[in-house]
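Enquirer: One structure coming up, written as structure tokens, with questions to follow.
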Amino acid sequence: MFRRTFMGAAAAFALALPVKAQAADIVDTAVSAGSFNTLVAAVQAADLVDTLKSEGPFTVFAPTDEAFAALPEGTVETLLLPENKDQLVEILTYHVVPAKVMSGDIAGKRAKVLTVQGDRLNVNAKNGVKVNDAKVVQADIEASNGVIHVVDAVILPE
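Sequence positions in the sequence shown follow mature numbering (1 follows the signal peptide of the UniProt record, and there is no 0) and run -23 to -1, 1 to 135.
What follows is the structure in structure tokens.
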């Protein structure tokens, strides 16, 4: 009797547990982190939210709020103006690779990776990881549609 009751209770408990929770997408992951407010505002101003919420996979080199603050004064405010949307889209899509690239995939290597913007980023993972002149300060933040690598600078296309 105890065994049957215990087994029944265990089965009921198992049914009450949620199926593995789906990871948040790239946008929701960035929003919940709290250190990408400027990036999220820029993604919204550029109308890229739906794109970065789509299936992907994407690799996003995400500048922190401090990275945006390090740009010359007034740069962010100017980029967020509606008349500068094309330039903002170009900069933001330069931070996105249309594939999921984890740090282990590139460890010890150098590569030129194609971005959604159309130009290539120089990735050097020989000693830490640098993307152009930005340093990856936190890697492999997984999202349901890709991965985020946090960078310490805004990466500007040439």
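We put the CB at the ideal spot given by N, CA and C, even for glycine.
1) What is the DSSP secondary structure of L91, reduced to helix, strand or coil?
2) From this set, D82, V73, A111 and V100, which residue's C-alpha is nearest P34's C-alpha?
3) Between the alpha carbons of Y71 and G85, how many angstroms are there, rounded?
4) Determine, using beta-carbon pairs with one atom in the stretch 112 to 126 and one in the stretch 52 to 66, whether at least three such pairs fall under 8 angstroms.
5) Would L91 be called buried (16 or more neighbouring beta carbons within 10 Å of its own) or exposed?
6) Contact check, V66 vs L25 under 8 angstroms by CB: the rounded distance?
7) Distance, Cα to Cα, L98 vs V108?
8) Are the CB atoms of A130 and A44 within a distance shorter than 7 angstroms?
9) By the DSSP assignment, the alpha helix (DSSP H) with D82 in it spans what residues?
10) Decide if G123 is buried, meaning its Cβ has at least 16 other Cβ atoms within 10 Å, or exposed.
11) Could you give the C-beta distance for V106 and A88, rounded to a whole number, given that I count them as a contact under 8 angstroms?
12) Which two residues bound the contiguous beta strand (DSSP E) that contains A22?
13) Tell me, which residues are paired with N99 by DSSP?
14) Between P49, A(-1), A7 and V93, which has its C-alpha nearest V128's C-alpha?
15) Considering only residues of the same chain and omitting the five flanking positions on each side of I125, which have a CB-CB separation below 7 angstroms?
16) Helix or strand or just coil, what does DSSP make of K62?
Expert: With the given structure in hand:
1) By 1-based counting over the sequence shown, the position of residue 91 is 114. DSSP places L91 in strand when its eight states are reduced to three.
2) Residue 34 sits at position 57 when you count from the first residue of the sequence shown. If we check each option's Cα against that of P34, V73 comes out closest.
3) Locating residue 71 in the sequence shown gives position 94, where the first residue counts as 1. Locating residue 85 in the sequence shown gives position 108, where the first residue counts as 1. Y71 and G85: Cα-Cα distance of roughly 23 angstroms.
4) Judged by pairs of C-beta atoms under 8 angstroms, the stretch 112 to 126 does not touch the stretch 52 to 66, as fewer than three such pairs exist.
5) What you label residue 91 is simply residue 114 of the sequence shown in a count that begins at 1. Exposed, by the Cβ-count rule.
6) Your numbering for residue 66 matches position 89 in the sequence shown. Your numbering for residue 25 matches position 48 in the sequence shown. About 7 angstroms separates the two Cβ atoms, so the contact holds.
7) Numbered from 1 along the sequence shown, position 121 holds the residue referred to as residue 98. Numbered from 1 along the sequence shown, position 131 holds the residue referred to as residue 108. Taking the straight line joining both Cα atoms gives about 6 angstroms.
8) Translated into the one-based positions of the sequence shown, residue 44 becomes position 67. Translated into the one-based positions of the sequence shown, residue 130 becomes position 153. Cβ atoms of A44 and A130: closer than 7 angstroms.
9) Within the sequence shown, the letter at position 105 stands for residue 82. Going by DSSP, D82 is part of the alpha helix (DSSP H) stretching over S80 to I83.
10) Start at 1 with the first residue of the sequence shown, and residue 123 comes out as number 146. G123 should be labelled buried.
11) Here residue 106 refers to the residue found at position 129 when the sequence shown is read from its first residue. Here residue 88 refers to the residue found at position 111 when the sequence shown is read from its first residue. V106 to A88, Cβ: 11 angstroms. No contact.
12) Position 45 of the sequence shown holds residue 22. Taken as a continuous stretch (DSSP letters only), A22 belongs to no beta strand (DSSP E), being part of the alpha helix (DSSP H) at N14 to A22.
13) For the purposes of this step, residue 99 is taken as the residue at position 122 of the sequence shown. In DSSP, N99 forms a bridge with K89.
14) Position 151 of the sequence shown, counted from the first residue, corresponds to residue 128. Ranking the options by Cα distance to V128, first place goes to A7.
15) On the sequence shown, position 148 is the one that residue 125 refers to. So the list reads I3, T6, A7, V37, A39 and I118, once near-sequence residues are dropped.
16) In the sequence shown, the residue the question calls residue 62 occupies position 85. Residue state, collapsed to three classes: helix.
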